[in-house]
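Accompanying notes for the structure given below.
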Amino acid sequence: AMAAACVTSTVSFRLGASGRNVLAPRQRQHRFRAARVSTDVVADARRRADEAVSEKPARGRREFFLNSSSVFVLGGLFGGMVDNSRPAGLGLHQYGDIVTLGLCPPKPNCVSTAEDLNDDSHFVPSWTYNPEERARNPVSQKEAMAELLDVVNNTDCDGFEVNIVTKLDDYLYVEYKDPRLGFIDDVEFFFEPGEFSRVAYRTAGRVESPNNAKTQRARIKTLRLALEKKKWKSVGF
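Residue numbers for the sequence shown follow the working numbering, beginning at 1 and rising by one.
Rendered as structure tokens:
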């Protein structure tokens, strides 16, 4: 019922009394802004970092990168070259009779339960918070949302900072920020209507970097393992 109320010709979410439109994806449109960091940009940033290290030979390269001020300098180099703004296309989309999260752009730094099963580079299985093991004592959607929030807020995902942007009865939108370089990833969860107690999810990086695809899958795995302790389970596994 919540999904039906939220999806018409467009789907919009608003935050509190401010009325600021946070999510407003157009129906059936899957356009994403994916900032690109070219090989030349990365190489240039690394070259500058190496030059900074060479000016102070007493310090090793490992010490340079681990030093917070040095990492801030490197983050500044990237920050001035990429678009780290919130992308369009977040929220719910309607595909025929199905309402769910968005598909991924044709880039590796995104996974989504909305993708086709045979798309190994983007597909991930949805979760259920009431698997067979929990059949005798199932939880409500409200209780499951509380469990998900607890895991999101209290599970360390490689040191990323967590920012809850939007929380509805059946939808959660979270930003994960890399404290070293300032890059932000967008993670969404949607409690699908019906009797199967399923949760769809999508995670995507705003910046395309060599390790970002691994970061998305690693984060989902970390969250899944934490949820399994609460008796959640991946569908089909």
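Every residue gets a Cβ at the ideal spot worked out from N, C-alpha and C, and that includes glycine.
Source: prediction; values computed, not measured.
- request: Out of Gln141, Pro106, Ala114 and Leu148, state which residue places its alpha-carbon closest to the alpha-carbon of Lys230.
  value: Leu148
query: Are there 16 or more other CB atoms within 10 angstroms of the CB of Gly60, so buried, or fewer, so exposed?
result: The pLDDT assigned to Gly60 is 40, lower than 50, so where the model puts this residue is not dependable; a value taken from the coordinates is nonetheless given after this. Exposed, because fewer than 16 other Cβ atoms sit within 10 Å of the Cβ of Gly60.
- prompt: With distances taken between CB atoms, is the gap from Gly182 to Asn109 smaller than 7 Å?
  reply: no
field: Contacts around Arg224, its chain only, beta-carbon distance under 8 Å, and the 5 residues preceding and following it disregarded
entry: Trp127, Trp232 and Ser234
query: Under the three-state reduction of DSSP, which class applies to Asp119: helix, strand or coil?
result: coil
- prompt: Buried or exposed: which applies to Pro179, given that a residue is buried once 16 or more other Cβ atoms fall within 10 Å of its Cβ?
  reply: exposed
message: Do Ala200 and Leu90 have their beta-carbon atoms positioned less than 7 Å apart in this structure?
response: no
query: Is Thr203 closer than 7 Å to Val99 when the C-beta atoms are compared?
result: no
Backbone CA spacing between Glu208 and Lys214 [nearest angstrom]: 11 Å
query: Arg136: buried (16+ other C-beta within 10 angstroms of its C-beta) or exposed?
result: exposed
- prompt: What are the partner residues of Asn163, as DSSP defines its beta bridges?
  reply: Glu175
query: Within 10 angstroms of its Cβ, does Glu195 collect 16 or more other Cβ (buried), or is it exposed?
result: exposed
- prompt: For the candidate residues Glu175, Ala144, Thr222 and Pro210, whose alpha-carbon lies nearest to that of Cys157?
  reply: Thr222
query: Going straight from the alpha carbon of Cys104 to that of Lys177, what length do you get?
result: 20 Å
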